[in-house]
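Worksheet for the structure shown next.
If you want it as structure tokens, here you go:
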């Protein structure tokens, strides 16, 4: 059931992004940024429309990234990413582009497109795949270079694309496109719960928990002995760092081994050092 649900997330996410582009972004004269944004510009230069062959161009751009993923990432991630891009390409070429703006002003279209696009990208990532483009590069770099800033690379790419868009279509288009990109990133970061780091404090009388966290989850644990002030009972205090997607697994593990264990979770705090970021 979990596997089926994750594929459903992937399919829905892969459809939402083309909907955001063809129904809200393109009619408002805006650019999506990233590789699709680059594909939109090339589509306009060759075909006179930012949506004519953008999906096909985007798919072609992703082929070298597929090779990078094949060499370094899991087959599950690759299969889901390829499926997502096939769905996106077909949807972008099949969904009719709205001839006029659906909402009355450009800013409303940019905001709604950002929410839909961010939800789509986030669902693709949460499913264990990606929407392609910078997402593939981000997952790859998070594995091979822990201190590499994917965000800075993404900002640099978007700065070039949106500046080019501004030269071709005017600065107002570039500014509203930037609004779309910012909203899209904001929403996708909150939907993609594997990107949210969590530290957990566990107080337990069962010494097996720390070993099971190591073995079942592959996460490190720091622990020390403590005593309950009221009961005087000796207990172990454990600290581990996980992502939000792993919280359910940790909670189930702790509850199975010690139903009375005390667990404190804190998410959103920056975690630095020798911590493995698991984006998928």
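Numbering (the UniProt record's numbering), first residue to last: 1 to 280. Glycine included, each C-beta is placed from N, C-alpha and C at the ideal position. Predicted, not measured: the structure shown is a model, and the values here were computed from it.
| Query | Result |
| --- | --- |
| Element boundaries [beta strand (DSSP E), containing residue 234] | 234-243 |
| Bridge partner(s) assigned by DSSP for residue 267 | 198 |
| Beta-carbon proximity list for residue 29, same chain, < 7 Å, skipping 5 on both sides | 169, 173 |
| Separation of residue 121 from residue 13, as counted between CA atoms | 6 Å |
| Status (buried if at least 16 other CB within 10 Å, exposed otherwise) for residue 1 | Confidence at residue 1 is low in this model, with a pLDDT of 48, below 50, so its placement is unreliable and the value that follows should be read with caution. Residue 1 comes out exposed. |
| Rounded straight-line distance, which links the Cα of residue 261 to that of residue 252 | 11 Å |
| Option nearest residue 5 by Cα separation, candidates 128, 62, 71 | 128 |
| Sequence-distant residues of its chain with Cβ nearer than 8 Å to residue 47 (five each side left out) | 53 |
| CA nearest to the CA of residue 35, picked from 181, 225, 196, 273 | 181 |
| Residue from 142, 244, 164, 201 with nearest C-alpha to residue 274 | 142 |
| Cβ-Cβ separation, residue 271 to residue 223 (assumed contact under 8 Å), whole Å | Contact flag wrong, Cβ pair sits at about 18 Å. |
| The stretch 103-114 touching the stretch 51-71, judged by at least three CB pairs closer than 8 Å | no |
| Endpoints, the alpha helix (DSSP H) within which residue 29 is located | Neither: residue 29 is in no alpha helix (DSSP H) and is coded neither H nor E. |
| Pair within 8 Å by beta-carbon distance, residue 24 and residue 95 | no |
| Local Cβ density within 10 Å of residue 67, reported as buried at 16 or more and exposed below that | exposed |
| Uninterrupted alpha helix (DSSP H) stretches inside the stretch 28-101 (no shorter than 4 residues) | 34-47, 54-72, 75-94 |
| DSSP-derived helix/strand/coil call for residue 225 | strand |
| Option nearest residue 77 by Cα separation, candidates 90, 243, 126 | 126 |
| Uninterrupted alpha helix (DSSP H) stretches inside the stretch 135-189 (no shorter than 4 residues) | 150-169 |
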